[in-house]
Amino acid sequence: MIQVARDPNDPDRHELLPDLKKIDVLREGHFVLKQPQPAGQGKHSGHYFDKSLIWSWPNVAEKICTALSHEIYIGVPDLDVVAGPALGAIIPAYSTAVHLSLRLSRQIRSVWVEKDENGRFYMPRLFAEVVKGKRVVVVEDVTTAVASVVEAMKALLAAGAIISGVVFVCNRSGMTDKEIAEKLGVPWAKSLITLSLPTYDRNVCPYCQLTVDRRPINVSLGYGADFASLYPSVAEICGTTK
Ligand SMILES: [Zn+2]
């Protein structure tokens with residue numbers, strides 16, 4: 165099921181999903197979402213959300229950031245800074261801050277939370293000064309388990325930020341916005357797009373079976389190539405595609 169946050173005052177957002185499909189961010193096919201080892205692991209899905217493409221399409225990116233700013237404007241307008249965890253949320257944090265500054269007629273700063281070589285989040289020193297004692301909304305592109313937002317928030321809190329809320333472009337966590345807010349301990353959370361698409365274990369995947377639903381395995385996205393080399397007989401029956 166796919167849900168898009170909508171508001172009668174902002175009908176443009178109704179067009180988000182067709183846009184995402186048009187630029188191939190939301191793909192349909194036969195995908196392996198996680199490493200298929202140890203044997204038997206790795207969920208299969210008929211959909212793939214290729215988030216890396218979004219920000220290379222300025223028209224779609226701007227539409228998304230306009231919608232993000234709208235949600236923040238309605239939900240938590242008393243903010244000072246928009247923060248995005250590196251690398252994926254740097255562009256949406258910046259662009260959302262631009263739109264919010266226009267809506268609120270005051271400057272909303274934008275910062276990112278940096279990642280070190282071990283993948284740990286930290287605040288660059290200059291940005292730490294920007295967020296200290298300020299009300300911050302965290303923007304994240306896609307979340308599957310809100311884990312990276314938790315880590316980014318720790319870095320912000322350590323720098324003295326006050327987290328007012330969190331907003332996601334795409335929520336694949338299976339949690340509602342309210343559940344996410346509770347889990348993160350923040351007053352407000354909002355997902356622009358909520359994706360709860362079914363995933364399957366290999367042995368019950370309808371696209372792997374000898375049925376009309378059988379689909380070629382996509383070997384260019386996710387872990388389809390690993391799967392195909394691990395299970396050559398299945399790959400031969402299904403076929404592969406890029
Ligand atoms: Zn399958």
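Residue 255 in our numbering sits at position 91 of the sequence shown, and the numbers go up by one each step.
Think of the CB as a built atom: it goes at the ideal place given N, C-alpha and C, for glycine as much as any other residue.
(1) How is ASP365 classed by DSSP in three states: helix, strand or coil?
(2) Check this for me: beta carbons of VAL294 and VAL245, under 8 Å apart or not?
(3) Taking the Cβ atom as the reference point for each residue, do ARG273 and TYR237 lie within a distance shorter than 8 Å?
(4) Where the beta carbon is closer than 5 Å to any heavy atom of ligand 1, which residues qualify, in chain order?
(5) Go through its chain and collect everything with a Cβ distance to PHE391's Cβ below 6 Å, but skip five positions before and after it.
(6) I'd like to confirm the pairing. Which residues does DSSP put opposite VAL246 in its beta bridges?
(7) Check each candidate in ALA250, ALA322, TYR286 and THR230 and name the one with the smallest Cα separation from ALA261.
(8) How many angstroms separate the CA atom of VAL398 from the CA atom of ASP377?
(9) Mind reading off the beta-carbon distance from LEU320 to VAL300? Whole number of angstroms is fine, and I expect it under 8 Å.
(10) Three-state secondary structure (DSSP) at GLY338?
(11) In angstroms with no decimal places, state the Cα-to-Cα distance between THR308 and CYS334.
(12) Could you spell out where the beta strand (DSSP E) holding THR375 opens and where it closes?
The answer reads as follows:
(1) By one-based count along the sequence shown, residue 365 stands at place 201. Secondary structure of ASP365 (DSSP, three-state): coil.
(2) The count along the sequence shown starts at 1 and reaches residue 294 at position 130. The count along the sequence shown starts at 1 and reaches residue 245 at position 81. Yes.
(3) Start at 1 with the first residue of the sequence shown, and residue 273 comes out as number 109. Start at 1 with the first residue of the sequence shown, and residue 237 comes out as number 73. ARG273 places its beta carbon 8 Å or farther from that of TYR237.
(4) For ligand 1, the selected residues are HIS208, CYS369, TYR371 and CYS372.
(5) Taking the first residue of the sequence shown as position 1, residue 391 is located at position 227. Within the same chain, PHE391 has close Cβ partners VAL196 and PRO200.
(6) Taking the sequence shown and counting its residues from 1, the one referred to as residue 246 is at position 82. DSSP lists SER274 and VAL301 as partners of VAL246.
(7) Residue 261 sits at position 97 when you count from the first residue of the sequence shown. Closest by alpha carbon: THR230.
(8) Walking along the sequence shown from the start, residue 398 turns up at place 234. Walking along the sequence shown from the start, residue 377 turns up at place 213. About 14 Å.
(9) For the purposes of this step, residue 320 is taken as residue 156 along the sequence shown, with counting starting at 1. For the purposes of this step, residue 300 is taken as residue 136 along the sequence shown, with counting starting at 1. The C-beta distance from LEU320 to VAL300 rounds to 6 Å, short enough to meet the 8 Å contact threshold.
(10) As a first step, residue 338 is located in the sequence shown; it is residue number 174 there, counting from the start. Coil, per DSSP.
(11) Walking along the sequence shown from the start, residue 308 turns up at place 144. Walking along the sequence shown from the start, residue 334 turns up at place 170. Distance between the alpha carbons of THR308 and CYS334 is about 9 Å.
(12) Mapped onto the sequence shown, residue 375 falls at position 211. In the DSSP annotation of this structure, THR375 is not part of any beta strand (DSSP E), being labelled neither H nor E.
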